[in-house]
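Asker: Here the protein sequences come in this chain order: A and B. Here the first sequence is numbered in the working numbering, starting from 193 and rising by one per residue. Here the second sequence is numbered in the working numbering, starting from 3 and rising by one per residue. Note that the Cβ used here is the ideal one computed from N, Cα and C, for glycine as well.
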Amino acid sequence: MIYISEEIKNLIKAEGEKAYPNECCGVIYGNYDDCKKAVSIEPIINASEDGEQYHRFLITPENMLKAELKAREQKLDIIGFYHSHPDHPAAPSEYDKEHALPFYSYVIVSVIKGRAEDFTSWELSDDRENFNSEEIENEK
Amino acid sequence: MEMAVTILIPTALRSFTERNSEISAQGTTAGQALQNLTEQYPAIKKHLFLDEENLRDFVNVFLGSDNIKNLKGLNTPLKDGDTLMIVPAIAGGRGAPAGESDDLSNEEIARYSRHLLLPEIGIEGQKKLKAAKVLIIGTGGLGSPLALYLAAAGVGTIGLVDFDYVDESNLQRQIIHGVKDVGRPKVASAKDRLKSINQHINVVTYNESLSSENALDIIKDFDIVADGTDNYQTRYIVNDACKFLGKPNVYGSVFQFEGQVSVFYAEKGACYRCLYPSPPPPGLVPSCAEGGVLGVLPGIVGTLQASEVIKLIVGGGKPLIGKLLTFDAWNMRFNELNLEKSPNCPLCGENPTITEVGSDEYYCEFCGIKKQEQEKPILAITPTELKERLDNGDKITIIDIREPHERAIVKFPGAVVIPPGQLVRRMDELKPEVDTVLICREGKKSILSIEDLTEAGYSGKLFNLIDGIKGWARDVDTALPIY
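1) State buried or exposed for B/PHE60, treating a residue as buried only when at least 16 other CB atoms are found within 10 Å of its CB.
2) Cβ closer than 9 Å: which chain A residues qualify as neighbours of B/PHE165?
3) Under 8 Å by Cβ, that's how I've got B/ILE239 and B/LEU212 pegged, so tell me the actual separation to the nearest angstrom.
4) Name, in chain order, the residues that DSSP records as bridge partners for A/TYR275.
5) For the pair the stretch 186-203 of chain B and the stretch 162-174 of chain B, tell me if three or more CB-CB distances fall below 8 Å.
6) Just by C-beta distance, which residues in the stretch 63-85 of chain B are closer than 8 Å to chain A?
7) Please list, in chain order, the residues of the stretch 267-286 of chain A that have any C-beta partner in chain B closer than 8 Å.
8) Would you kindly work out how many angstroms separate the C-alpha atoms of B/VAL426 and B/ARG443, rounded to a whole number?
9) Can you find a C-beta in chain A that's less than 8 Å from the C-beta of B/PHE336?
10) Assuming A/ALA292 and A/LEU316 are in contact, meaning their beta carbons sit under 8 Å apart, how far apart are those beta carbons, in whole angstroms?
11) Just verifying my parser: in three-state terms, what is the DSSP assignment at A/ARG307?
12) Give me the Cβ distance between B/LEU152 and B/VAL311, rounded to the nearest whole Å; I'm assuming they're in contact under 8 Å.
13) Distance, Cα to Cα, A/ALA211 vs B/LYS71?
14) With 16 as the cutoff for other CB atoms within 10 Å, does B/SER107 come out buried or exposed?
15) Whole angstroms are fine: how far does the CA of B/SER309 sit from the CA of B/ASN172?
16) For A/GLU329, list the residues DSSP reports as bridge partners.
17) Within its chain, find whatever has a CB closer than 7 Å to the CB of B/ASN38; leave out the 5 residues flanking it on each side and keep chain order.
18) When DSSP labels each residue in this structure, what does B/SER171 get in the three-state scheme?
19) Suppose you measure from the CA of B/ALA228 to the CA of B/VAL256; what does that come to, to the nearest Å?
20) Rank A/ILE237, A/ASP319, A/GLY222 by C-alpha distance to the C-alpha of A/GLU265 and give the top, closest one.
21) To the nearest whole angstrom, what separates the beta carbons of B/SER344 and B/CYS276, a pair I think is in contact under 8 Å?
22) For the candidate residues A/GLU327, A/ILE304, A/HIS280, A/CYS217, whose alpha-carbon lies nearest to that of A/LEU203?
23) For B/PRO187, list the residues DSSP reports as bridge partners.
24) Would you identify the three-state DSSP class for A/SER313, choosing helix, strand or coil?
25) Whole alpha helix (DSSP H) runs in the stretch 439-484 of chain B with 4 or more residues, listed along the chain?
26) Alpha carbon to alpha carbon, how far is B/ALA149 from B/PHE259?
27) B/VAL436: buried (16+ other C-beta within 10 angstroms of its C-beta) or exposed?
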């Protein structure tokens, strides 16, 4: 389970609408004691090749290194990533699964014709076999 | 000797390291240290390694701020006390790109309904359009309607080649670009517009000019080429490359009020060289920039090309292979000529002499581009120099060879008007002892007139005004309009 406040949800949706028809992507910072709790997000420039950005996103290792260091500095952890699926359901693709790691929350927002709609989160099983839907709770 | 290094573990993998974020490991190379890590925590292995020797491609290891991929990979040597950081590259996306999946989604079916209703196209034809790859050379007058209609029609992959930037004077006919695009690369502006029309398609851009060097490389990945260029050199390169790659070349050209369309497909009919074995001498046929063009004309010719492209993809109908369609917008007349494949064609005839795409020098020389510059050096003067000489009170005769309708746009102060056709006959109006400067719109036609006068035996000094009245308006009298 992951806690995501309405405010952060709206920030992610706005990023998805802004990037449309391309995919947006970014890092979710937060804490995890018993469960993951989102504290802030950071949009990352989609490093996918120009012309591929409408159906692919890529966060380069260099950007990840920066994000990891930033998280450590702020005494936070990277707890997941968000990206958008332009004109596509908010379900992970085979491509998403191949490139995922366990633990992290993979938040997907579906952006249909420029408007953010479904908002889901996914977690990879430890054996890499399944991408399981993860419950999202509004933070109180 | 024992070497201890620290490995920093990302949050995702800490469940395999008992939540430790820093692990001490042994090893003299990055590979050994990681191996040692997996010995301490075996469950982490399948997330880091693809097999015994290779890291998963999204796993990156940094030594300080350097990715070990840029050092010596797993063989990167380590010093005692070094820190390695495991950093996953995060990727994902909605999956199959447009064109990879054959089936049409419900949304696509709704979008292409009017095509699906035509039995000649139908669902099969629309799928072929989706799978098709069309390269459009030039995103100008012809390329604009071509690209717009092919994108709207659902051609899955559209390639655009252009080296040019959007200029104010393009907007009269190049309708893919808008006012806000002036100064942008044409391919970038065009791509944005195409994506706004159809988000399902894939647009590939080449921000360069098509040359004999890159033609085969660029064209080979496409099924059909649509030629929307404005010069002979590129047309011959496109024609030759298409012949060698076995691709159809949907050709269009425009001049003033007249246009031509054909499909050059050496496998099934005539090629461009069958129609024009050699280009006209340079200067004889002015380009659109010199001779002007009715803005709507490339719109008509470009859409004719687009419908030829769609017919070739879908199959059926009567494509213009072995035929040349000519169109005269001023008299509103279409004409269709038969184009026989020439047995003497040096490219696709019985005994071809052209066996490969030549060098750029060959195409330049073939189209007479360099010759002209090399053979007859002529005197030239810049607008600023001319202004200085006039201010100094030098005696100079200025001849304006432009047409009356051009002079109606802007007059050149103090110039004598002599049309190019009358120059030689009226040569005695010029005084050989006085320097003479010839001006036209952009300093090209005036070169031809100077050559005419020299050939006719004129003995005085003749100067060409570099960049013509355009240069004068740019550098000297900026209050004048540029056309």
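Answerer: Quick look at the numbers:
1) That one is buried.
2) The premise fails here: B/PHE165 is roughly 17 Å from chain A at the closest Cβ pair, so nothing lies under 9 Å.
3) In this structure, B/ILE239 and B/LEU212 form a Cβ contact; the two beta carbons are roughly 6 Å apart against a cut-off of 8 Å.
4) Contrary to the premise, residue 275 of chain A reads as His rather than Tyr in this sequence. Answer is A/CYS217, A/ILE300, bridged to A/HIS275.
5) yes
6) PHE64, SER67, ASN69
7) ASP269, ILE270, ILE271, PHE273, HIS275, HIS277, PRO278, ASP279, HIS280, PRO284, SER285, GLU286
8) 20 Å
9) Answer no: the Cβ-Cβ gap between B/PHE336 and chain A never drops below 8 Å.
10) 4 Å
11) Three-state result, A/ARG307: strand.
12) 6 Å
13) 31 Å
14) exposed
15) Distance between the alpha carbons of B/ASN172 and B/SER309: 24 Å.
16) A/TYR195
17) ALA27, GLN28, GLY29
18) For B/SER171, the three-state secondary structure derived from DSSP is helix.
19) 14 Å
20) A/GLY222
21) 4 Å
22) A/CYS217
23) According to DSSP, B/PRO187 bridges with B/TYR167.
24) A/SER313 sits in a strand when the DSSP states are folded into three classes.
25) 447-457, 470-477
26) 22 Å
27) Residue environment analysis places B/VAL436 among the exposed positions, since fewer than 16 neighbouring C-beta atoms fall within 10 angstroms of its C-beta.
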